[in-house]
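To keep things clear, I will list the structure first and then write my remarks on it.
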Amino acid sequence: MSTYWKANQRRLAPWLFLAPGLLMFAIYVIIPIFQSMWISFYDWDGLGEKVWIGTANYAEMTSDPNMVTSFKNNIIWLVLYLLAVPAGLFIAIFLNQTVSGIRIYKSLFFFPFVISQVVVGLIFSWFYAPNFGLLYLVIEKLTGTGIAVLADPDLATYGIIAAGLWPQIAYVMILYLTGLNNVAPDQVEAARLDGAKGWRMLWYVILPQLRPATFIAVVVTVIGALRSFDLVSIMTEGGPFGSSNVLSYYMYEKALSEYGYRMGYGAAIAVVLFGIMMIFISGFIWKMWRDETER
Amino acid sequence: MVHKLAGALALGAALMLSTSAMAQDKRVVKYNADYDPIPLAGMEALIADFEAANPDIDIQLNNFDHEGYKTAIRNFLTTDPPDLANWYAGNRMAPFVSAGLFMDVSDVWADNGLDEALSSAAASMTQDGKKWGVPYTYYQWGIYYNRDAYKAAGVELPGEAGVTWDQFVANCEKFKAAGIDCITTGSKALWPVAGIFDYLSLRTNGYEWHMDLTAGKVAWTDDKTKAVFAEFAKIQPYVTANHAAIDWQDAAALLVQGKAAHYVMGNFAVGNFKEGGMTDENLGFMIFPEITPGLPRAEEAPTDTIHVTAGAKNPDDAKKFLAFVASADAQTKYNAAVNQLPTNKNSTVGEDPFLKAGFASLSNAYALAQFFDRDAPAEMAKAGMEGFQQFLVQPDQLDAILERLDQVRGQVYK
Amino acid sequence: MFPRPIQHRSQTAQWVYAIALPLALILWLFPLLGVAITSVRPASDLAAGNYFGIPSYLAWENYGDVFRNTPMLQYIKNSFIVTIPTVIGSVALSLMTGFALAVYKFRANLLIFFMFVAGNFVPFQILMVPVRDMTLSLGMYNTYWGLALFHIAFQTGFCTLFMRNFIKALPFELIEAARVEGVAEWRIFWFIVLPLMRPAIAALSVLIFTFIWNDFFWATVLTTSPEAQPITAGLSSLNGQWVAAWHLVSAGSILAALPPVAMFFLMQKHFIAGLTLGAVK
Chain E
278 MSTYWKANQR
288 RLAPWLFLAP
298 GLLMFAIYVI
308 IPIFQSMWIS
318 FYDWDGLGEK
328 VWIGTANYAE
338 MTSDPNMVTS
348 FKNNIIWLVL
358 YLLAVPAGLF
368 IAIFLNQTVS
378 GIRIYKSLFF
388 FPFVISQVVV
398 GLIFSWFYAP
408 NFGLLYLVIE
418 KLTGTGIAVL
428 ADPDLATYGI
438 IAAGLWPQIA
448 YVMILYLTGL
458 NNVAPDQVEA
468 ARLDGAKGWR
478 MLWYVILPQL
488 RPATFIAVVV
498 TVIGALRSFD
508 LVSIMTEGGP
518 FGSSNVLSYY
528 MYEKALSEYG
538 YRMGYGAAIA
548 VVLFGIMMIF
558 ISGFIWKMWR
568 DETER
Chain D
248 MVHKLAGALA
258 LGAALMLSTS
268 AMAQDKRVVK
278 YNADYDPIPL
288 AGMEALIADF
298 EAANPDIDIQ
308 LNNFDHEGYK
318 TAIRNFLTTD
328 PPDLANWYAG
338 NRMAPFVSAG
348 LFMDVSDVWA
358 DNGLDEALSS
368 AAASMTQDGK
378 KWGVPYTYYQ
388 WGIYYNRDAY
398 KAAGVELPGE
408 AGVTWDQFVA
418 NCEKFKAAGI
428 DCITTGSKAL
438 WPVAGIFDYL
448 SLRTNGYEWH
458 MDLTAGKVAW
468 TDDKTKAVFA
478 EFAKIQPYVT
488 ANHAAIDWQD
498 AAALLVQGKA
508 AHYVMGNFAV
518 GNFKEGGMTD
528 ENLGFMIFPE
538 ITPGLPRAEE
548 APTDTIHVTA
558 GAKNPDDAKK
568 FLAFVASADA
578 QTKYNAAVNQ
588 LPTNKNSTVG
598 EDPFLKAGFA
608 SLSNAYALAQ
618 FFDRDAPAEM
628 AKAGMEGFQQ
638 FLVQPDQLDA
648 ILERLDQVRG
658 QVYK
Chain W
4 MFPRPIQHRS
14 QTAQWVYAIA
24 LPLALILWLF
34 PLLGVAITSV
44 RPASDLAAGN
54 YFGIPSYLAW
64 ENYGDVFRNT
74 PMLQYIKNSF
84 IVTIPTVIGS
94 VALSLMTGFA
104 LAVYKFRANL
114 LIFFMFVAGN
124 FVPFQILMVP
134 VRDMTLSLGM
144 YNTYWGLALF
154 HIAFQTGFCT
164 LFMRNFIKAL
174 PFELIEAARV
184 EGVAEWRIFW
194 FIVLPLMRPA
204 IAALSVLIFT
214 FIWNDFFWAT
224 VLTTSPEAQP
234 ITAGLSSLNG
244 QWVAAWHLVS
254 AGSILAALPP
264 VAMFFLMQKH
274 FIAGLTLGAV
284 K
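From first to last, the protein sequence lines are chains E, D and W. Mapping the first sequence onto our numbering, position 184 (from 1) lands on 461, and the numbers just tick up by one. Mapping the second sequence onto our numbering, position 258 (from 1) lands on 505, and the numbers just tick up by one. Mapping the third sequence onto our numbering, position 116 (from 1) lands on 119, and the numbers just tick up by one.
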């Protein structure tokens with residue numbers, strides 16, 4: 278081995294280790310982000326020549342009612358999806374016992390997260406199906422007329438979010454179960470001696486210790502809400518008449534679906550979605566950066 | 248780790264090889280299609296006939312689901328084209344022809360005398376003076392109805408000449424009183440509602456106007472458009488309430504069960520009605536009633552087609568198959584199996600009463616429309632059908648819908 | 004421990020808990036149970052309107068129908084052929100990137116690390132058009148490798164985060180001692196760090212397996228025919244053909260869910276360890 282290598286091994290080694298991963302990541306993730314931004318300034322049907330149209334795609338977006346609906350639905354998703362955090366915490370507390378068989382209970386509660394969202398979407402479509410879906414029949418029994426959730430423009434989005442919450446709550450639950458496992462017992466006992474219990478105990482003693490779990494739960498839930506593509510695609514394809522669309526699906530619809538093939542417009546929608554995500558991503562990174570540099 | 252990765256690569260490559268090496272020494276023709284079960288069986292029978300006559304050719308049919316196919320075709324035509332692909336005549340074919348994705352098959356037409364035999368469909372297969380595929384089937388649209396539902400609601404059955412539009416609307420009220428949906432549809436995939444709109448448009452303002460509308464020459468906010476929606480509003484309260492969450496097959500089941508009385512549909516649905524247990528006794532067909540008196544009667548008759556792709560690896564055998572599918576005998580056999588109408592005029596039309604009714608209806612129609620989503624460009628079609636669906640759910644939003652559609656019109660037709 | 008162990012509570016509370024637990028579970032898994040039962044319900048029951056009663060007999064033939072009349076077997080095979088190389092590839096790449104970022108101090112270290120982390124969170128849609136284009140021009144559209152290569156690259160982001168933090172938690176003295184002995188850097192990686200990574204590799208492998216198996220978006224964007232389509236895309240396409248045939252949709256769904264579920268139950272400890280990394284300090 279050359280002397281140069283011997284002398285500089287420690288300096289060169291990290292780059293050699295990084296090279297393959299970094300290269301792949303750059304080609305498939307980093308560079309395409311910028312390419313998408315570039316394409317968003319073109320009119321392109323994916324078959325012919327690209328035509329530069331400047332910011333026309335972005336201008337069109339401002340007067341596109343489907344865009345407004347999708348954006349509004351994304352906000353609904355974001356807000357309601359965060360319900361997974363308290364719901365997951367609740368179930369975790371419910372299950373954090375040591376009765377016999379509890380391990381199996383915990384894994385079965387976690388079950389929905391393991392299944393593909395395609396399957397979850399199909400399961401809930403069946404659950405909501407007009408005339409014979411379970412929910413439809415139950416409502417019909419109770420009120421006399423059934424409600425076809427996915428046919429109703431005012432309800433479809435909520436129906437899909439409910440389906441999405443099912444696996445998401447399971448995910449959050451498992452995060453909190455692990456967190457609860459690691460709560461310092463001496464602190465809990467000390468607080469108990471001071472007379473703390475119930476909600477006060479949870480709020481002042483337990484939750485502060487669960488902060489790392491809460492952070493991750495919020496991160497994965499926010500990302501999950503904004504990525505909501507699978508369920509919308511399987512359950513409604515954005516319908517009825519676009520009322521359950523979200524940006525992630527609308528982008529696909531414009532760029533690649535049967536009536537779409539406007540790659541430029543699709544890319545522009547993706548850039549907007551990316552911008553929204555970046556707000557959250559920057560927040561997470563900033564927090565992680567602080568933790569890293571403090572350490 | 249690196250060795251393992253290399254091993255995996257080799258394994259993967261071996262597996263890919265094994266799947267592509269299955270077709271022994273026959274000449275393969277890959278055919279991508281979007282058949283529902285009944286037509287699939289019909290086409291498989293045709294392929295078997297063709298392979299029996301040409302034992303050295305292997306037609307590999309790759310069936311997609313009907314809705315998914317419309318998305319998939321763009322991808323596979325540009326990337327991994329099969330030799331043959333199903334598609335539709337008219338405007339719907341234009342983007343692929345313009346992009347050079349279909350092969351000119353004028354020679355197949357010339358060599359097999361198809362210009363003569365397929366003359367009725369020739370125009371819709373022609374672009375830039377060349378032929379870009381062959382039609383193999385078409386079918387009528389109209390109103391299918393359940394006679395048992397008429398009896399249950401105590402409504403007088405339509406006579407030979409059908410019913411008048413006013414009578415039709417009046418009947419709807421009676422069906423409603425009996426708890427039966429007067430008109431059913433399943434608009435989850437959007438297109439079924441376009442059938443209703445097309446007929447209202449053809450009957451209210453006529454064929455030429457309708458073609459102008461789909462070509463973007465008429466404003467959606469025009470008074471004549473509003474006149475169409477005024478007729479639409481008359482039947483809106485009687486359409487199956489949850490149509491937006493169900494597919495056309497689900498709605499067909501409602502007609503079969505007598506929960507709905509009428510269904511504006513294409514003749515391909517007869518297979519579903521009969522599979523569900525309906526017979527010629529209780530299933531009826533009528534031509535969509537006249538609305539504006541004296542307008543020449545135009546009908547919807549979408550034509551299904553097969554094309555050789557520009558990237559076909561085996562175009563010679565693909566064209567051979569095309570010629571076979573265009574032949575009178577093959578069309579007689581296929582269309583008898585699927586209960587549709589042959590495009591080859593030397594073929595025999597099946598004995599089925601609905602087929603005969605359709606054949607009669609189309610033979611003396613003034614003009615034939617393809618269908619809203621084949622006559623209008625894709626983006627306009629999508630927005631239009633969403634608008635029709637929304638109108639059925641929220642009729643009070645009509646003005647907003649029409650304004651939106653006109654905005655799309657401004658963007659689509661440049 | 005929080006909440007207070009149920010054993011320290013009254014007898015009634017214990018009874019209530021013992022009843023509430025299975026009841027809550029049944030409610031929680033109700034939709035899934037419904038689908039499982041529907042998957043063995045004969046078509047005749049559905050036609051007769053028996054959607055929720057006891058099936059008139061267990062129609063295992065639904066599964067037979069699915070395998071006989073659809074490319075289900077091919078879809079399942081495709082899923083494995085895409086998933087397994089992805090797991091191997093992304094774990095291999097991230098072992099190296101994670102090692103580099105955890106062990107060496109250099110100026111761009113944190114920057115590169117956060118680039119991986121941030122990249123892992125970006126919406127797929129911003130990558131869709133260019134990645135599809137690139138896959139097309141490489142001739143890998145609708146192939147296993149087109150899909151697997153993208154997954155390997157993308158999952159490297161998450162895996163790097165995981166591996167780097169795992170290696171960071173290892174005792175650094177080991178590496179220091181080896182360096183004093185004059186051991187070459189790649190030998191440190193191969194002989195000292197790698198053997199300690201087994202739990203991390205196991206955890207990541209099961210996680211990535213599940214993620215990739217369940218991926219639907221990229222399967223839709225990068226594949227189109229049953230020759231290469233994984234089961235998620237295949238199931239969605241079959242769903243379009245099986246309108247109103249819920250017994251088949253259910254059977255297909257159960258089949259699609261089985262491998263990740265089996266993986267989860269076999270490797271539960273690793274799975275949860277992987278998922279909850281970082282949930283505790």
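Think of the CB as a built atom: it goes at the ideal place given N, C-alpha and C, for glycine as much as any other residue.
- Interface annotation, glutamine 496 (chain D): in contact with chain W, CB-CB separation under 9 Å.
- Straight across, the Cα-Cα distance linking phenylalanine 274 (chain W) with proline 549 (chain D) is about 53 Å.
- The way I'd put it, the region 317-335 of chain D doesn't touch the region 309-316 of chain E; fewer than three beta-carbon pairs between them come closer than 8 Å.
- When only Cα atoms are considered, phenylalanine 175 (chain W) and proline 88 (chain W) end up about 31 Å apart.
- At a cut-off of 9 Å, the C-beta of asparagine 393 (chain D) has no neighbouring C-beta in chain W.
- Within the region 135-188 of chain W, the complete alpha helix (DSSP H) runs of at least 4 residues fall at 147-171, 175-184.
- Secondary structure of glycine 406 (chain D) (DSSP, three-state): strand.
- Fully contained in the region 8-72 of chain W are the following alpha helix (DSSP H) runs of length 4 or more, in chain order: 14-31, 33-41, 46-50, 64-72.
- In this structure, asparagine 301 (chain D) lies near aspartate 564 (chain D), with their beta-carbon atoms less than 9 Å apart.
- The residue among E:Phe388, E:Phe390, E:Ala439 with its C-alpha nearest the C-alpha of phenylalanine 404 (chain E) is E:Ala439.
- Straight-line spacing of the CA atoms in tyrosine 78 (chain W) and tryptophan 148 (chain W) works out to 15 Å.
- Contact annotation for leucine 533 (chain E) against chain D: Thr318 [CB-CB distance below 7 Å, chain order].
- The continuous beta strand (DSSP E) containing glutamine 307 (chain D) extends over residues 304-310.
- DSSP, read as helix, strand or coil, puts tyrosine 385 (chain D) in strand.
- For a cut-off of 8 Å, the C-beta gap from phenylalanine 318 (chain E) to glycine 331 (chain E) is around 6 Å, short enough to register as a contact.
- Listed along chain W is no residue with a C-beta nearer than 8 Å to that of tyrosine 481 (chain E); the closest approach is about 12 Å.
- The region 532-550 of chain E and the region 364-374 of chain E do not touch, with fewer than 3 CB-CB distances between them shorter than 8 Å.
- At a cut-off of 9 Å between beta carbons, histidine 490 (chain D) contacts chain E.
- Between glycine 552 (chain E) and chain D, the shortest Cβ-Cβ separation is not below 9 Å.
- Under the DSSP assignment, arginine 544 (chain D) falls outside any beta strand (DSSP E); it carries neither an H nor an E label.
- Note that the C-beta distance between leucine 36 (chain W) and tyrosine 382 (chain E) is not below 9 Å.
- Distance from the CA atom of isoleucine 204 (chain W) to the CA atom of threonine 432 (chain D), rounded to whole angstroms, is 53 Å.
- Taking C-beta separations shorter than 7 Å and ignoring five residues to either side along the sequence, the partners of isoleucine 437 (chain E) in its chain run Leu508, Val509, Met512, Thr513, Ser521, following chain order.
- In this model, histidine 154 (chain W) and isoleucine 215 (chain W) are separated by some 7 Å (Cα to Cα).
- According to the DSSP assignment, asparagine 279 (chain D) belongs to the beta strand (DSSP E) that extends over 274-280.
- A straight line joining the alpha-carbon of isoleucine 400 (chain E) with that of threonine 451 (chain D) spans about 43 Å.
- Taking a Cβ-Cβ cut-off of 7 Å, the neighbours of isoleucine 493 (chain D) in chain E comprise Pro407, given in sequence order.
- Between the alpha carbons of isoleucine 556 (chain E) and aspartate 428 (chain D) lies a distance of about 50 Å.
- Taken in chain order, the members of the region 178-190 of chain W whose beta-carbon sits within less than 9 Å of a beta-carbon on chain E are Arg182, Ala187, Glu188, Trp189.
- At a cut-off of 9 Å between beta-carbon atoms, glutamine 158 (chain W) makes no contact with chain D.
- Within the region 492-520 of chain E, those residues whose Cβ lies closer than 7 Å to any Cβ of chain D are, in chain order, Gly516, Pro517, Phe518, Gly519.
- In the structure shown, tyrosine 391 (chain D) falls within a strand segment according to DSSP collapsed to helix, strand and coil.
- Boundaries of the alpha helix (DSSP H) around alanine 439 (chain E): 433-458.
- In the three-state scheme derived from DSSP, where H, G and I count as helix and E and B as strand, threonine 431 (chain D) is classed as strand.
- Residue pairing of threonine 550 (chain D) in beta bridges, as defined by DSSP: D:Tyr385.
- Among the CB atoms of chain W, one or more fall inside 9 Å of the CB of histidine 313 (chain D).
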